[in-house]
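Asker:
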Amino acid sequence: MPINNRSGGRIAVIQVINKQGGGVFNDDDENLLKSLASQMAIAIENAQLIDELKLSFESSMRTLSATVDARHHLTAGHSERVTEYSMMIARSMGIGPEERELIKYAGLLHDIGKIGTKDTVLLKSGQFTAAERMEMEMHAVRTKEILDNFHFSKALIQVPFIASHHHERFDGSGYPDRLRGEDIPLCSRILAVADVFDALTSARDYPKYTETETMSYNPMPLPKVLRILENGAGNQFDPAVAAAFLGCMADALLKYRGEHFSPTYVDETIEILRRAGLLI
Ligand SMILES: [Fe+2]
Ligand SMILES: [Fe+2]
3 MPINNRSGGR IAVIQVINKQ GGGVFNDDDE NLLKSLASQM AIAIENAQLI
53 DELKLSFESS MRTLSATVDA RHHLTAGHSE RVTEYSMMIA RSMGIGPEER
103 ELIKYAGLLH DIGKIGTKDT VLLKSGQFTA AERMEMEMHA VRTKEILDNF
153 HFSKALIQVP FIASHHHERF DGSGYPDRLR GEDIPLCSRI LAVADVFDAL
203 TSARDYPKYT ETETMSYNPM PLPKVLRILE NGAGNQFDPA VAAAFLGCMA
253 DALLKYRGEH FSPTYVDETI EILRRAGLLI
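Taking our numbering, the leading residue of the sequence shown gets 3, the next gets one more, and so forth.
(1) Comparing C-alpha positions only, which one of G98, K156, M89 and G118 sits nearest to A194?
(2) Using 8 Å as the Cβ pair cut-off and three pairs as the minimum, do the segment 199-207 and the segment 222-234 touch?
(3) Does the beta-carbon distance from N7 to E54 come in below 8 Å?
(4) Let's test the definition: count the other Cβ atoms within 10 Å of the Cβ of L57 and tell me whether it reaches 16, buried, or not, exposed.
(5) Using DSSP with H/G/I as helix, E/B as strand and the rest coil, what is P241?
(6) From L149, L280 and F130, pick the residue whose C-alpha is nearest to that of P209; which is it?
(7) Helix, strand or coil for F199 per DSSP?
(8) Going by the C-beta, is A68 closer than 7 Å to any heavy atom of ligand 1?
(9) Nearer than 7 Å: is that true of the beta carbon of T141 relative to any heavy atom of ligand 1?
(10) For the alpha helix (DSSP H) containing P99, name the first residue and the last one.
(11) Nearer than 7 Å: is that true of the beta carbon of D53 relative to any heavy atom of ligand 2?
(12) Who pairs with P4 in a beta bridge, going by DSSP?
(13) Across which residues does DSSP place F263 in a beta bridge pair?
(14) Here's a check: name, in chain order, each residue in its chain whose Cβ is nearer than 8 Å to the Cβ of I91, leaving out the five neighbours to either side.
(15) Name the two residues that bound the continuous alpha helix (DSSP H) containing F163.
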């Protein structure tokens, strides 16, 4: 029995064999099968439409995300990597699929507010003045403003709030709202760790520095990254999230070995992690 879609195209067939109780299939059987086939056609078509909608939504979000990152050659791929790292953390913390979807879209779109950041600030090489820093930090609020205009499904309704709080700090000294501890959504606390890790391990236009020393524009050597993550646990970062990320850092590096990360950087780092007992 063919299963046809609305335009008459065949999308599946049903095969019935060995009638229960023996004998041949009659007209009643055929009519029953026909009505079953038309119900199945509707169900299959609906499922295909939903899949297509999901795909088209996801690809629009990925394209938007890449558009913002492409404004500066050094941030190309940033949001994609932040999303990947965040998903790794979420999985290792046992976070379920619904929240992981939130993290995926909030990760892809977290810096979309940078679309409104002035070129003179976004493309500046060197440290920011106080006014430039303020303009840069505005991107978190702009992310919320832009995403509030989107129609997100019920399941993704929290994406704008989560995305715009990726620069909050666990001790309440972050921005834009100085949220503290568990007032910061868990998904934003995860993005915060992934975001800082990507900024530190990527070449950037501003020199990376600690309180005591100014360092280069290049990716930060891993021992320093580790120190920042460990020292930041409890003040900058949620300690549980920072610990979870230390556990998946090797996977994060291996995922982009030879692409974003040089093979030497990854191999040396993994050796350091192994010696520090952070590899299983
Ligand atoms: Fe940001
Ligand atoms: Fe970011």
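C-beta: ideal position from N, C-alpha, C; glycine also.
Answerer: Let me lay it out:
(1) Working through the sequence shown from its first residue, we reach residue 194 at position 192. Closest by alpha carbon: M89.
(2) Yes: the two stretches touch, three or more of their Cβ pairs being nearer than 8 Å.
(3) Working through the sequence shown from its first residue, we reach residue 7 at position 5. Working through the sequence shown from its first residue, we reach residue 54 at position 52. Not closer than 8 Å, so no.
(4) Position 55 of the sequence shown, counted from the first residue, corresponds to residue 57. Flag for L57 reads exposed.
(5) Against the sequence shown, residue 241 aligns to sequence position 239. Looking at P241 - three-state DSSP - the assignment turns out to be helix.
(6) Taking the first residue of the sequence shown as position 1, residue 209 is located at position 207. Selected option, being the one with the closest Cα: F130.
(7) Along the sequence shown, read from residue 1 onward, the residue named residue 199 stands at position 197. It is helical.
(8) Here residue 68 refers to the residue found at position 66 of the sequence shown. No, the Cβ of A68 stays beyond 7 Å of every heavy atom of ligand 1.
(9) Taking the sequence shown and counting its residues from 1, one reaches residue 141 at position 139. In the sequence as displayed, the identity of residue 141 is His instead of Thr. H141: yes, Cβ under 7 Å from ligand 1.
(10) As a position in the sequence shown, residue 99 is number 97, starting the count at 1. Residues P99 to L111.
(11) Within the sequence shown, the letter at position 51 stands for residue 53. Result no, Cβ not under 7 Å from ligand 2.
(12) Residue numbering aside, residue 4 sits at position 2 when the sequence shown is read from its first letter. V15, per the DSSP bridge assignment.
(13) If you number the sequence shown from 1, residue 263 lands on position 261. Beta-bridge pairing links F263 to R259.
(14) Start at 1 with the first residue of the sequence shown, and residue 91 comes out as number 89. Take I91, set aside five residues on each side of it, and the residues of its chain with a beta-carbon closer than 8 Å to its own are I192, V195, A196, V243, A246, F247 and C250, in chain order.
(15) Position 161 of the sequence shown, counting from 1, holds the residue named residue 163. Segment V161 to S166, the alpha helix (DSSP H) holding F163.
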